[in-house]
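Numbering (the working numbering), first residue to last: 3 to 85.
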């Protein structure tokens, strides 16, 4: 993944390009156990930090847990009125 990403990324990478690479790479880890998945997410978060990307836009939460936690929690407030 890293070698392919290095070729694709310009000096100042766009968040969308990086996340597209991550999305493709994450499909290879779907069958791994939860500890390996957590380690892989930590690795990807370090790459994001190095590249100056603040967040994955819920990509990691959707991949890991099946839904984005941001839908249920907004700024630390739990919204229970689902009408």
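Where a beta carbon is used, it is the ideal one built from N, C-alpha and C, also for glycine.
If you reduce the DSSP assignment to three classes, tell me which class residue 40 lands in. Stepping through the chain shown from its first residue, residue 40 is reached at position 38. It is helical.
Using a 10 Å radius around the Cβ and a threshold of 16 neighbouring Cβ atoms, would you call residue 69 buried or exposed? Position 67 of the chain shown, counting from 1, holds the residue named residue 69. So residue 69 ends up on the exposed side.
By Cβ distance, which residues of its chain are closer than 8 Å to residue 38, with the 5 residues on each side in sequence left out? As a first step, residue 38 must be located in the chain shown, where it is residue number 36. Here the set comprises 31.
Pull up the CB-CB distance for residue 24 and residue 53, whole angstroms please, since I reckon it's below 8 Å. For this step, residue 24 is matched to residue 22 along the chain shown. For this step, residue 53 is matched to residue 51 along the chain shown. That belief does not hold up - the Cβ atoms of residue 24 and residue 53 are roughly 11 Å apart, past 8 Å.
Within this structure, are the beta carbons of residue 16 and residue 55 separated by less than 7 Å? Working through the chain shown from its first residue, we reach residue 16 at position 14. Working through the chain shown from its first residue, we reach residue 55 at position 53. Contact flag unset, no.
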